[in-house]
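Read through the structure below, which is laid out as C-alpha cells, and then see the notes.
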Amino acid sequence: DKKLKRLFAFHASEKRGKFMTLAEFEGWLKEQRLIDALFPFPKIKQLFYAVQQDTSDSEGDLELIFAEFVEALAAVAVYRNPNPYLSLSSRLEAFLGDNL
Numbered sequence: 013d014k015k016l017k018r019l020f021a022f023h024a025s026e027k028r029g030k031f032m033t034l035a036e037f038e039g040w041l042k043e044q045r046l047i048d049a050l051f052p053f054p055k056i057k058q059l060f061y062a063v064q065q066d067t068s069d070s071e072g073d074l075e076l077i078f079a080e081f082v083e084a085l086a087a088v089a090v091y092r093n094p095n096p097y098l099s100l101s102s103r104l105e106a107f108l109g110d111n112l
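Sequential numbering of the sequence shown, starting at 13, is according to the working numbering.
This is the structure:
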C-alpha cells in the first residue's frame, strides 16, 4: 500500500528511507499515542526484535525493513485489539484506518 510505504519512508532513518530503527518505530507509536499500559515500551522492544528477519545475534543496531515494519504493524494491531472473534484482517484494517 502506498500510504504504508510513505509512512515508512517518512519515519525511517536517513539511509534513503530503507530502514527503521527501534527509536524511529517507537517515535511513530508515540505520535499515534499507542504507547500505554496495554502496550508499554518493553512490549514494543520485544515485538521489534521478534519481527527481525536478520538472524544475527547483535542487538546493537537492528533495523526494520519495510516487510518487517508491516509485520510489526499487524502485531501492534493484535496487541491493541486482542478480540479473538475478529479476524486479523478486520483488526488490521481498523488499526490502519485509525492510525494512518
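Backbone N, C-alpha and C define an ideal beta-carbon position, used for all residues, glycine too.
Could you check which residue in Val88, Phe31 and Phe81 has the C-alpha nearest to that of Phe51? Taking only the C-alpha atoms, the option nearest Phe51 is Val88.
With distance defined between alpha-carbon atoms, name the residue in Thr33, Leu98, Ser99 and Arg92 nearest to Asn111. The option with the nearest alpha carbon to Asn111 is Arg92.
Got a sec, what are the start and stop residues for the alpha helix (DSSP H) Ser113 sits in? No statement about residue 113 is possible, as the shown extent of the chain runs from 13 to 112 and does not include it.
Determine the DSSP secondary structure at Leu130, reduced to helix, strand or coil. The displayed coordinates of the chain run from 13 to 112. Any statement about residue 130 would go beyond what the structure contains.
Compute the Euclidean distance between the alpha carbons of Ser102 and Glu80, then round it to the nearest angstrom. 20 Å
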